[in-house]
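Asks: Once you've had a glance at the structure underneath, I'll fire off some questions.
Number of protein chains: 2
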Amino acid sequence: VPEPALDPAQPLALYMEASTRHPSGKMGFGLLRYSPNPIACVIDSTAAGRDARDVTGIPRSAPIVATLAAARALGAEVLVLGIAPPGGRVPDAWWAVIDEAVRLGLSIVNGLHDRLAPRHPSLRAGQWIWDMRVEPEGLTIATGAAARLPNRRVVFVGSDMAIGKMSAALEVQRAARARGIDAAFVATGQIGIAIAGRGVALDAVRLDYACGAIEREVMAHSGAELVLVEGQGSLVHPASTATLPLLRGAMPTHLVLCHRAGQKTLARIPEIAIPPLVALAGLYEDLAASCGTFPRPRTAAIALNTFHIADDAQAERAVRTLQDETGLPCCDPVRQGAGRLLEALSRA
Amino acid sequence: VPEPALDPAQPLALYMEASTRHPSGKMGFGLLRYSPNPIACVIDSTAAGRDARDVTGIPRSAPIVATLAAARALGAEVLVLGIAPPGGRVPDAWWAVIDEAVRLGLSIVNGLHDRLAPRHPSLRAGQWIWDMRVEPEGLTIATGAAARLPNRRVVFVGSDMAIGKMSAALEVQRAARARGIDAAFVATGQIGIAIAGRGVALDAVRLDYACGAIEREVMAHSGAELVLVEGQGSLVHPASTATLPLLRGAMPTHLVLCHRAGQKTLARIPEIAIPPLVALAGLYEDLAASCGTFPRPRTAAIALNTFHIADDAQAERAVRTLQDETGLPCCDPVRQGAGRLLEALSRA
């Protein structure tokens, strides 16, 4: 596995067949919003001829085409499988698409559980297949080394899965860079990895190496002033166990708690109520510190996802209300920019 | 993988070459102490001719022999690799031993990271190789189902790694069964799995399925009155992340905190002090409950490992002192029997 596999100069084709207007296209949406790579085109025969900006609402222009050949003609070098199908496995209909892409000389970014590289042992010079949902080689167990770094390390934790942790981290990185701050993003899920060009798919790592995998990524960015670690899962989700390796591997100095405005229960388990956010933030801090064993991080701010609120003024009211309720700085970094979050992280 | 692979009627040979008097023989020691299987013999050419009871101090008699052929002659059907070599990989010198064991018709219990089964595709009828340090097939993500069971579920948590969590759970099981209580043991590490004949090697499971793997084992024992879950790792160890899947998968009603008498710091990381035990128990409870999201377990007792204290009266003094300090019932279940722990778990 070449790591990082993705050169930010390489033009991408985002495979989003029938998904440019559907939540399953989230890998493609993430890249449209945040990838530093040129987007040669989006592939979706059901919307061919239109512009991705108009179809998705994401402010980045890219032609939508119907075929791989058209994508190649537009200069695409890398095909990104931009759809998250149920179960995370490659749907039967995709195999022919993948085979044709390989024949056309496209490299492939694959965030699904199935490994594609072993099916295509002979590739052209410079062509590669990156199966990113695989445990990286050479992992070791963690040592707590990140606690000794002099920089600021932020873990983006959440009140639920899929609540905007990656976007919040990337928006803080964007805001920091705009101010000349050396800010690194540590990707821990497939969309973040495709954006950053490196990272670790935490969900594919064996338990023994999970802390070590995060620690290795954080230590690789030890020179950065600000290390922004993409969180996964939530302490209140019964299937989620990523919090502990994220906290131990990163030894954060700060937390940002991510939440969706108005959400009272877990999206997929409505019987589980989200606890008061200040109490939840305290639990994340307590767990990170473990009775004074490790440095105690400070919850610097709340990143509030207001995507479902149409009106900007109403979104800002939700932000202000939560800020008053919790006493924590709050903003929607995607809608409003991450200035307020960055400011909160810059305080001692 | 046949599961459970190990029939409790099958006589075992414990491979402990040069390790019957060395801590690396811990898999063998565990089986001598707790396996329900007949122990045909121990293999250690450096102690051949003696009795395992005299060499190890564990009150179970078994002849020590020098060769696999001698083990076979004593009726052994299964060879257990009873040594934990550094790194958990098969040492070079063992390959010939394993090949000979397969030729002699022995089945093999392997708790190391290397897979042996693929090297020996053709076995005799009834012969098998159980590579237990492998993620089980067919895992799913957890749902929190264990919280709805009416039984008592105990997770054995610890102030460090390798502090006696498995032994404490097995001693409680023994004490419970002696009183006619249907008590199940959920094994989560290779030694416990070899003893129980089933379980899940948690350290080999990918993060996404870790809670689900524990939940599946707990639900498989849902008919038992008392479910005793072998803990792994510790919340104060920087490399350990097993606590969260154990708590979420088991949804415990009770915790037993395991500790070694007099231990002030982590054994392998002396810079890390063990926090006051009552505070540590509170953190485990807080994490299990997650701000009221899940049932809050009660820390019922402390299992105190006094193995290093020669004198019984002195060990009992250590137990009494800790009991007074913490206000929690306390005993060394290996030395004193688990009666006090069982009693504490039986209270409402």
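Chains as they are written, first to last, in the working numbering: chain V, 1 to 348; chain E, 1001 to 1348. Here a beta-carbon is modelled for each residue, glycine too, at the ideal position from N, C-alpha and C.
Are there 16 or more other CB atoms within 10 angstroms of the CB of E:Met-1016, so buried, or fewer, so exposed?
Replies: Along the second sequence, read from residue 1 onward, the residue named residue 1016 of chain E stands at position 16. Classification of E:Met-1016: buried, given that the 10 Å Cβ count is 16 or more.
Asks: Using a 10 Å radius around the Cβ and a threshold of 16 neighbouring Cβ atoms, would you call V:Arg-119 buried or exposed?
Replies: As a first step, residue 119 of chain V must be located in the first sequence, where it is residue number 119. Its Cβ having fewer than 16 others within 10 Å, V:Arg-119 is exposed.
Asks: Round the Cβ separation of E:Ala-1318 and E:Ile-1309 to the nearest angstrom and send it over; I've been treating them as touching at under 8 Å.
Replies: Locating residue 1318 of chain E in the second sequence gives position 318, counting from the first residue. Locating residue 1309 of chain E in the second sequence gives position 309, counting from the first residue. E:Ala-1318 to E:Ile-1309, Cβ: 6 Å. Contact.
Asks: Taking C-beta pairs closer than 7 Å, name the residues in chain V that E:Ser-1290 reaches, listed in chain order.
Replies: Translated into the one-based positions of the second sequence, residue 1290 of chain E becomes position 290. Leu-235, Val-236, Leu-283, listed in chain order.
Asks: Can you list, in chain order, the residues of its chain whose CB lies under 7 Å from that of V:Asp-131, leaving out five sequence neighbours each side?
Replies: If you number the first sequence from 1, residue 131 of chain V lands on position 131. Closer than 7 Å at the Cβ level, and outside the excluded window around V:Asp-131, lie Asn-110, Arg-115, Leu-116, Ala-117.
Asks: With a threshold of 8 Å on Cβ separation, who are the neighbours of E:Leu-1031 within its own chain once the five nearest residues in sequence on each side are excluded?
Replies: The sequence position of residue 1031 of chain E within the second sequence is 31, counting from 1. Here the set comprises Leu-1012, Leu-1014, Asn-1037, Ile-1039, Val-1080, Gly-1082, Ile-1191, Ala-1194, Ile-1195.
Asks: Is the CB-CB distance between V:Thr-253 and V:Arg-148 below 8 Å?
Replies: Translated into the one-based positions of the first sequence, residue 253 of chain V becomes position 253. Translated into the one-based positions of the first sequence, residue 148 of chain V becomes position 148. Result no, Cβ atoms of V:Thr-253 and V:Arg-148 do not sit closer than 8 Å.
Asks: 8 Å is my cut-off, CB to CB: does E:Arg-1153 come that close to chain V?
Replies: Against the second sequence, residue 1153 of chain E aligns to sequence position 153. So no, E:Arg-1153 is outside the interface.
Asks: Return the residue from the list V:Val-236, V:Leu-235, V:Ser-234, V:Leu-255 that minimises the CA-CA distance to V:Leu-228.
Replies: Residue numbering aside, residue 228 of chain V sits at position 228 when the first sequence is read from its first letter. Of the candidates V:Val-236, V:Leu-235, V:Ser-234, V:Leu-255, the one whose C-alpha sits nearest the C-alpha of V:Leu-228 is V:Leu-255.
Asks: Just the Cα atoms here: how many angstroms apart are E:Ala-1261 and E:Pro-1329?
Replies: By one-based count along the second sequence, residue 1261 of chain E stands at place 261. By one-based count along the second sequence, residue 1329 of chain E stands at place 329. Whole-angstrom Cα-Cα distance: 14 Å.
Asks: Check whether the stretch 1171 to 1183 of chain E and the stretch 1233 to 1249 of chain E touch, using three or more Cβ-Cβ pairs below 8 Å as the test.
Replies: no
Asks: Using beta-carbon positions only, say whether E:Glu-1215 and E:Ala-1288 come within less than 8 Å of one another.
Replies: Position 215 of the second sequence holds residue 1215 of chain E. Position 288 of the second sequence holds residue 1288 of chain E. Cβ atoms of E:Glu-1215 and E:Ala-1288: not closer than 8 Å.
Asks: Can you give me, in chain order, the residues of the stretch 197 to 225 of chain V that have a beta carbon less than 7 Å from any beta carbon in chain E?
Replies: Listed by position along the chain: Leu-202, Asp-203, Ala-204, Val-205, Arg-206, Leu-207, Asp-208, Ala-210, Cys-211, Gly-212.
Asks: Exposed or buried, what is V:Arg-340 when buried is set at 16 or more other beta-carbons lying within 10 Å of its beta-carbon?
Replies: Residue numbering aside, residue 340 of chain V sits at position 340 when the first sequence is read from its first letter. Buried: at least 16 other Cβ atoms inside 10 Å.
Asks: Which bits of chain V does E:Ala-1242 rub up against, with CB to CB less than 7 Å?
Replies: Indexing the second sequence from 1 puts residue 1242 of chain E at position 242. In chain order: Leu-207.
Asks: V:Val-200 to E:Ala-1273, Cα distance in whole Å?
Replies: Here residue 200 of chain V refers to the residue found at position 200 of the first sequence. Here residue 1273 of chain E refers to the residue found at position 273 of the second sequence. So the alpha carbons of these two residues sit roughly 31 Å apart.
Asks: Note down, in chain order, every chain V residue with its Cβ under 7 Å from the Cβ of E:Pro-1118.
Replies: By one-based count along the second sequence, residue 1118 of chain E stands at place 118. Within 7 Å Cβ-Cβ: nothing; E:Pro-1118 doesn't reach chain V, min ~16 Å.
Asks: Output, in chain order, the set of chain E residues within a Cβ distance shorter than 9 Å of V:Arg-248.
Replies: The residue labelled residue 248 of chain V in the question sits at position 248 within the first sequence. Within 9 Å Cβ-Cβ: His-1237, Pro-1238, Ala-1239, Ser-1240, Thr-1241.
Asks: Does V:Pro-276 come out as helix, strand or coil in the three-state DSSP assignment?
Replies: The residue you call residue 276 of chain V lines up with position 276 of the first sequence. In the structure shown, V:Pro-276 sits in coil (DSSP, three-state: anything other than H, G, I, E or B).
Asks: Determine the closest residue to E:Arg-1298 out of E:Arg-1072, E:Gly-1088, E:Arg-1335, E:Ser-1346, with distance taken between C-alpha atoms.
Replies: Working through the second sequence from its first residue, we reach residue 1298 of chain E at position 298. Distances from the CA of E:Arg-1298 to each of E:Arg-1072, E:Gly-1088, E:Arg-1335, E:Ser-1346 were compared; the closest alpha carbon is that of E:Ser-1346.
Asks: Tell me the residue span of the beta strand (DSSP E) that contains E:Thr-1299.
Replies: Taking the second sequence and counting its residues from 1, the one referred to as residue 1299 of chain E is at position 299. Element bounds for E:Thr-1299: 1298 to 1305.
Asks: In chain order, what residues of the same chain have a beta carbon less than 8 Å from the beta carbon of E:Arg-1124, not counting five sequence neighbours either side?
Replies: Taking the second sequence and counting its residues from 1, the one referred to as residue 1124 of chain E is at position 124. The residues are Gly-1105.
Asks: In three-state terms, what does DSSP make of V:Pro-333?
Replies: Indexing the first sequence from 1 puts residue 333 of chain V at position 333. Correct three-state label for V:Pro-333: helix.
Asks: Measure the beta-carbon distance from E:Leu-1202 to E:Thr-1188 and round it to whole angstroms, keeping in mind my assumption that it falls under 8 Å.
Replies: On the second sequence, position 202 is the one that residue 1202 of chain E refers to. On the second sequence, position 188 is the one that residue 1188 of chain E refers to. Confirmed, Cβ separation roughly 5 Å.
Asks: Assuming contact is defined by CB atoms lying nearer than 8 Å, are E:Leu-1342 and E:Leu-1322 in contact in what I supplied?
Replies: The residue given as residue 1342 of chain E occupies position 342 in the second sequence. The residue given as residue 1322 of chain E occupies position 322 in the second sequence. Result no, Cβ atoms of E:Leu-1342 and E:Leu-1322 do not sit closer than 8 Å.
Asks: Around the C-beta of E:Pro-1238, are 16 or more other C-beta atoms found within 10 angstroms, so that it is buried, or is it exposed?
Replies: Walking along the second sequence from the start, residue 1238 of chain E turns up at place 238. Residue environment analysis places E:Pro-1238 among the buried positions, since at least 16 neighbouring C-beta atoms fall within 10 angstroms of its C-beta.
Asks: So, using beta-carbon positions, are V:Thr-46 and V:Ala-18 closer together than 8 Å?
Replies: The residue you call residue 46 of chain V lines up with position 46 of the first sequence. The residue you call residue 18 of chain V lines up with position 18 of the first sequence. For V:Thr-46 and V:Ala-18, yes; Cβs fall inside 8 Å.
Asks: At a CB-CB cut-off below 7 Å, which residues of chain E make contact with V:Asp-286?
Replies: Within the first sequence, numbered from 1, the residue matching residue 286 of chain V stands at position 286. Those are Leu-1283, Asp-1286, listed as they occur along chain E.
Asks: Give the interface partners of V:Leu-280 over in chain E, defined as CB-CB distance under 7 Å, in chain order.
Replies: Taking the first residue of the first sequence as position 1, residue 280 of chain V is located at position 280. Under the 7 Å cutoff, chain E gives Cys-1291.
Asks: Taking V:Ile-141 as the query, report the chain E residues whose CB atoms sit under 8 Å from its CB, ordered along the chain.
Replies: As a position in the first sequence, residue 141 of chain V is number 141, starting the count at 1. By Cβ distance, chain E contributes Ala-1239.
Asks: Could you pull out every residue in the same chain whose Cβ sits closer than 6 Å to the Cβ of V:Leu-74, ignoring the five residues on either side in sequence?
Replies: The residue you call residue 74 of chain V lines up with position 74 of the first sequence. Excluding residues within five positions, the ones whose Cβ falls inside 6 Å are Ala-40, Cys-41.
Asks: Note down, in chain order, every chain E residue with its Cβ under 9 Å from the Cβ of V:Ile-191.
Replies: Taking the first residue of the first sequence as 1, we reach residue 191 of chain V at position 191. Ordered by position in chain E, no residue passes the 9 Å Cβ test against V:Ile-191, which lies about 15 Å from the chain.
Asks: Per DSSP, what are the beta-bridge partners of V:His-308 in this structure?
Replies: As a working mapping, residue 308 of chain V is identified with position 308 in the first sequence. Partner(s): none; V:His-308 has no beta bridge.
Asks: What residues are listed by DSSP as bridge partners for E:Ser-1107?
Replies: The residue labelled residue 1107 of chain E in the question sits at position 107 within the second sequence. Looking at the DSSP assignment, E:Ser-1107 forms a beta bridge with E:Val-1078.
Asks: With DSSP collapsed to three states, give me the class of E:Val-1186.
Replies: Numbered from 1 along the second sequence, position 186 holds the residue referred to as residue 1186 of chain E. Look at E:Val-1186 here: in three-state DSSP terms it is strand.
Asks: Which whole runs of the beta strand (DSSP E) in the stretch 204 to 241 of chain V are 3 residues long or more, in chain order?
Replies: DSSP runs (the beta strand (DSSP E)) wholly in the stretch 204 to 241 of chain V: 226 to 229.
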